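Here's the structure we're looking at; comments come further down.
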Amino acid sequence: MTDRSSGKGMDGALINKLAQIQRHYRQSLGARADALEKWWDELLKKSDRQRLNDICMTLHSLAGSGKTFGLPELSAAAAELNAYLQDLIREGSTAFDKYNERMGLLLQLMRRPHTGDAVSGASEMENRLCPGRLVYIVEDDPMLSQWMKTHIEQHGYSVRIFDSLTALMQRPKEDMPLAILMDVILPEGENAGLDFAINQASSELSGVPLVIISTRTDFEARLQAVRAGVRHYLTKPLDSESLLASIEDMVEETPAEPYRILLVDDDEDITALYRAHLEAAGVEARTLSDPKKALQVIIEFKPELIVLDLHMPECSGLEVGQIIRQHVQFANVPLVFLSAESDSSAQLSAIELAGDDFLMKPIDPEVLRINLMARARRARMVSMYVRSLIKEMSFKEQHDALTGLPNRLHLERRLELAIRNVRYGVRDQFSLFLIDVDNFQHINDAYGHELGDQLIVDLSKRLESLIPHTAVLCRPGGDEFAILFKGVRDKKQVIQYAERLLEACETPFNIGMDEISIGLSIGVATYSREHKSNFGIELYKEADMALFTAKKMGKNDFVIFEEHMASELKAQVSMTSDLRKALINREFHLVYQPQVNLYNHRIFGAEVLLRWNHPVRGPVSPAEFIPVAEAHGLIDQLGEYVLRCAIKQIADWKRQYGRAVRLAVNVSPRQFGRFDFVSQVGLMLEEFQVDGRLLELEITESALAKDIETAVSKLMELRCLGVGVAVDDFGTGFSNLASLKRYPVDLLKIDRSFIRDIPHDQDNLAIVIAIVQMAKTLGLKILAEGVETIDQIRVMRQQGCDLIQGFYVARPMLVDQFEKDYLSGSGQESGAL
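In terms of numbering that gives the first Met the number 0, the sequence shown opens at residue 0 and continues consecutively.
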């Protein structure tokens, strides 16, 4: 045997041991081939489940061990045949004879004479075996388990082998390994190893790191292992390097400290005897005969287990235990009570107080040692588990579940730390970037949330690849990211970082079969010693204001915070307050912009637009107050106000002029999404006795795409009321024929952004032509909005557009002017055309 305490290199004895194991394996193959051939013949004569299991278990063993012992062809042949047989089992087939040839080949390989060096490079291995570092191997293949044992022992560990879970559970209870290596397939079942991993937390081996060994290399097998809580997954055939690396990784943080046990008993002779046995086993033990001094010793010694004699003259062990439990830091230290009397009430009180055990004297010192070490070991495992659980909970609390990035809570803590570092002169300044994906909701609506999530994950990886290692990438939530750039030199460097991020995201993302292009809006705030605030939340607000400004400027851009933005935000808050007052004080009114038939020049209807005449500021542009209303939840009330006024106006005109004027009303996505929206429209039509055919609702593509099934259902209900539906701003979203034909709509409105530069902009002209052709295919009317020139009218007429709306025809007008121009005269024609 090698001298394991000498620390010298491995001698010839160990080399011979390795060679002997390999020779024994190869010599055993002949006998195993005979058994396998016999079982195969029996299986071919009569299908027998037991024989089939025997064959598959042998093939599994050979697949995992052959290459390890220098026979890769054997591993490959056994693995392949095993896979074929498993397919037959799943299919319920008994056509085993079609694999006769493959079985014959395998048997030839097993019976082939094998030569060569038994153990390559064994003399270079270091023998650093320390018997106290125990590793368990649970493997039913004796050759493979012996091979693992030999290699593991060379690196400072002692090894115990178990050929089944049953044998593992029958091990000496005082043994506690540093790690367990376990095969997935054991005599207890094909997934016995994973089943053990799932239930390990409730077993005596709770907290012991586990390495799963398997022949399966597919993703599903690894996923099962991860879900079972397995840290390492090794595939057969094994190599010694991976095997040892997995063990070293798991035990590198395992403390080698002895267990600390305190014995409190007034009988000094018995405590001396107990202490001697405990110290012989490597335990750090202390004894105390005066229970009054127990608390002081506990504070200094910090024991992992306390043993108390129940009956002591100065005070009882129960009283000492109660004093200990009064201190929070010792509330979970296990207490074990000893007594020579079988007082059941005292035992019950002791167990209720301690949550552990009550042992009767006399007790053999060795039996006591085994009991106490098992309890101390369990206490340490529980303590380690609690600490790891707290660490895991803290990680989950501060990290995003989808991307694994730090979340907003983590970011806020990082900001506070970064601010302190600037204040204390550790660094001069740092910058916070807030990044938002432009139109992410459109992507979610068009492609689904699963693809949207994958886009967020891919984007996080791309952003992480662009930033220096000192920067911190976070995901505060939704489609927003944050980057903390430490030690930025100046504004020029901030601009370089922002431009790099924007440029990198110009490359589309390939997700599945789809290619997704995105834009980013970035808001930046920089903190230096001159900053007015010492709070991270204030810097976050500044970056958020800059981000808001970037999105308002047109998106796919960055903005660096400036002081005037704060005043603009205050103005927005003030506007929100004014909007609420305006709804109460009825400061809003409607204007009407005519929609004209392009061929007979007669008025088709009018679009209803909302205007606000502020009592102090005067007229406020919808482009200014509508986004504020949307952002602060006021858009529903505004939408209901416009809808009610429009339907009432239709009724008034019908009564006053006898004219049926068709009015188009814009509906916000939020308003359309309300569950009672359709019934609300129906009640208003009924209230004012208006024919639904005189009302048209303009709804954007994105609002319809949020929930297609619900949208189609609502549109059908509106059609039953006679209400028309126009798709507003068509062409600005993810327009396609397949989705559009599902919606029961009547009209498409081509967005003004495509009309503005035609006929000179050939790209926009091509888009317009495509939209018109799409609409004609579906039998829909087409309305071009934003028409301002005669050239635009000619182009739209040539392409077959039905209706136009814009300044060339008429600007939005008050009700009196509309009545004068279109209702009080003899006709409804537009002289401009």
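Note that beta-carbon positions come from the ideal geometry of N, C-alpha and C, so glycine has one too. Fair warning: this is a prediction, and the values are worked out from it, not measured in the lab.
Residue from the options with nearest C-alpha to residue i
i      : options                           : result
Pro507 : Leu501, Leu500 and Ile515         : Ile515
Gly281 : Ser288, Leu287 and Arg259         : Arg259
Ile211 : Leu779, Ile184 and Leu450         : Ile184
Pro574 : Glu629, Ala605 and Arg601         : What sits at residue 574 in the sequence shown is Met, not Pro. It is Glu629 whose Cα lies nearest to the Cα of Met574.
Ser315 : Tyr273, His326, Asp264 and Leu294 : Asp264
Leu242 : His154, Lys740 and Ala650         : His154
Leu431 : His276, Gly522, Leu367 and Thr469 : Gly522
Ser712 : Gly672, Ile749 and Asp750         : Gly672
Asp635 : Asn665, Gly617 and Ala470         : Asn665
Ser520 : Lys551, Gln328 and Leu309         : Lys551
Glu686 : Phe676, Gln655, Pro668 and Ile646 : Ile646
Asp266 : Glu606, Asp513 and Leu307         : Leu307
Asp706 : His448, Val590, Lys569 and Glu784 : His448
Thr525 : Arg499, Ile768 and Glu562         : Glu562
Leu204 : Tyr135, Leu233, Val158 and Arg422 : Tyr135
Asn331 : Met311, Leu304, Leu164 and Glu313 : Leu304
Glu247 : Glu256, Leu237 and His231         : His231
Leu546 : Glu529, Arg579, Ala481 and Arg528 : Ala481
Range covered by the beta strand (DSSP E) that runs through residue i
i      : result
Ser430 : Gln428 to Val436
Tyr232 : His231 to Thr234
His509 : His is not the amino acid found at residue 509; the sequence shown has Asn there. Taken as a continuous stretch (DSSP letters only), the beta strand (DSSP E) holding Asn509 covers Phe508 to Ile510.
Arg412 : Counting along the chain, Arg412 falls outside any beta strand (DSSP E), though it belongs to the alpha helix (DSSP H) covering Arg407 to Arg422.
Tyr156 : Tyr156 -> no beta strand (DSSP E), and no H or E assigned at all.
Phe729 : Gly723 to Phe729
Lys748 : Leu746 to Ile749
Leu209 : Leu209 to Ser213
Thr699 : Leu694 to Thr699
Ile136 : Leu133 to Val137
Enclosing alpha helix (DSSP H) for residue i [first to last residue]
i      : result
Leu719 : The identity of residue 719 in the sequence shown is Cys, whereas the question assumes Leu. Run containing Cys719: Ile707 to Cys719, per the alpha helix (DSSP H) assignment.
Lys895 : Because the chain here runs from 0 to 832, residue 895 falls outside it and cannot be looked at.
Ile634 : Ile634 to Tyr656
Ile757 : Unbroken run through Ile757: none, as it is neither H nor E.
Met102 : Asn99 to Arg110
Leu167 : Leu164 to Met168
Gly672 : Run containing Gly672: none; DSSP gives neither H nor E here.
Tyr446 : Phe439 to Tyr446
Ala400 : No alpha helix (DSSP H) holds Ala400; DSSP gives it neither H nor E.
Inter-residue Cα distance where the pair is residue i and residue j
i      : j      : result
Asn420 : His409 : 17 Å
Tyr156 : Leu177 : 9 Å
Asn701 : His441 : Note on residue identity: the sequence assigns Ser, not Asn, to residue 701. If you take the alpha carbons of Ser701 and His441, they lie about 6 Å apart.
Leu58  : Asn370 : 43 Å
Gln772 : Leu703 : 21 Å
Met683 : Gly535 : 50 Å
Leu662 : Gly553 : 31 Å
Val327 : Lys531 : 42 Å
Pro626 : Ile602 : 31 Å
Glu505 : Lys540 : 27 Å
Ile559 : Ala542 : 8 Å
Pro668 : Gly632 : 12 Å
Asp10  : Gln295 : Bear in mind that the predicted position of Asp10 carries a pLDDT of just 44, short of 50, making it unreliable; the figure below should be weighed with that in mind. Spanning the two alpha carbons is a distance of roughly 52 Å.
Leu454 : Leu764 : 32 Å
Val814 : Met715 : 32 Å
Glu606 : Gln592 : 5 Å
Thr234 : Ala220 : 10 Å
8 Å contact criterion, which residue i and residue j should meet: CB distance rounded
i      : j      : result
Ser222 : Leu106 : Per the sequence shown, the amino acid found at residue 222 is Leu instead of Ser. No, Leu222 and Leu106 are not in contact; Cβ-Cβ is about 36 Å, not under 8 Å.
Ile837 : Ile803 : No answer is possible for residue 837: the residues shown for the chain start at 0 and end at 832.
Gly638 : Gln670 : 4 Å
Leu717 : Phe729 : At roughly 18 Å, the Cβ-Cβ gap does not stay under 8 Å, so Leu717 and Phe729 are not in contact.
Arg426 : Lys491 : The pair is not a contact, with the Cβ atoms about 17 Å apart (cut-off 8 Å).
Ser27  : Met175 : In fact, because the Cβ distance is near 33 Å, the residues do not count as touching under 8 Å.
Ile766 : Phe753 : 5 Å
Ile757 : Leu694 : Between Leu694 and Ile757 the Cβ distance is about 31 Å, and since that is not below 8 Å, they are no contact.
Leu334 : Leu358 : Incorrect: roughly 11 Å between the Cβ atoms, too far for contact.
Ala725 : Glu697 : 5 Å
Discussion item. In chain order, what are the residue ranges of uninterrupted alpha helix (DSSP H) at least 4 long that sit wholly in the region 777 to 829?
Written reply: Runs of the alpha helix (DSSP H) lying entirely within the region 777 to 829, each at least 4 residues long, are 789 to 797 and 814 to 817 in chain order.
Worksheet item: At which residue ranges does the region 282 to 333 contain complete beta strand (DSSP E) runs of 3 or more residues, listed in the order of the chain?
Response: 283 to 287 and 304 to 308
Worksheet item: What are the complete alpha helix (DSSP H) segments, minimum 4 residues, inside the region 522 to 587?
Response: 535 to 551 and 563 to 584
Fill in: Ordered list of alpha helix (DSSP H) runs contained in the region 458 to 519, each at least 4 residues
490 to 503
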